[in-house]
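Novice:
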């Protein structure tokens, strides 16, 4: 499949990662937790967690996201929901 706008795929990916990261940050704030707490519970480093929350970690793996969804008891679909991100 050829995209009319070749950079659109990257834009959509970046936007999705930013949305997921924002949702994860909001969930952490709602629990009044520090990144260190989440990092220790999930085995994800604070540096990586910070980059994920800022939407600046383009190489995030599905395994990493699944650890976070398990920790917060949400699904990946929940993280894309605007209500979670609000």
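In this note's numbering, the protein residues as written are 0 to 85.
Yeah, the Cβ is synthetic: ideal placement off N, Cα and C, and Gly gets one too.
In angstroms with no decimal places, state the Cα-to-Cα distance between residue 78 and residue 23.
Specialist: Using only the alpha carbons, I get a separation of about 7 angstroms.
Novice: Quick check: the Cα distance between residue 40 and residue 46, rounded to an integer number of angstroms?
Specialist: Roughly 15 angstroms between the two C-alpha positions.
Novice: Going by the CB atoms, is the gap between residue 20 and residue 42 shorter than 8 angstroms?
Specialist: Cβ distance not < 8 angstroms, so residue 42 and residue 20 don't count as in contact.
Novice: Give the DSSP-derived three-state secondary structure of residue 76 in the structure shown.
Specialist: Helix, per DSSP.
Novice: Can you say whether residue 86 is buried or exposed, counting buried as having 16 or more other CB atoms within 10 angstroms of its CB?
Specialist: Lying outside 0 to 85, the shown extent of the chain, residue 86 is not represented and no answer is given.
Novice: Go to residue 59, then tell me how far its alpha helix (DSSP H) extends in each direction, as first and last residue.
Specialist: No alpha helix (DSSP H) contains residue 59, which DSSP labels as neither H nor E.
Novice: Could you spell out the range, first to last residue, of the alpha helix (DSSP H) harbouring residue 45?
Specialist: Note, residue 45: alpha helix (DSSP H), 45–52.
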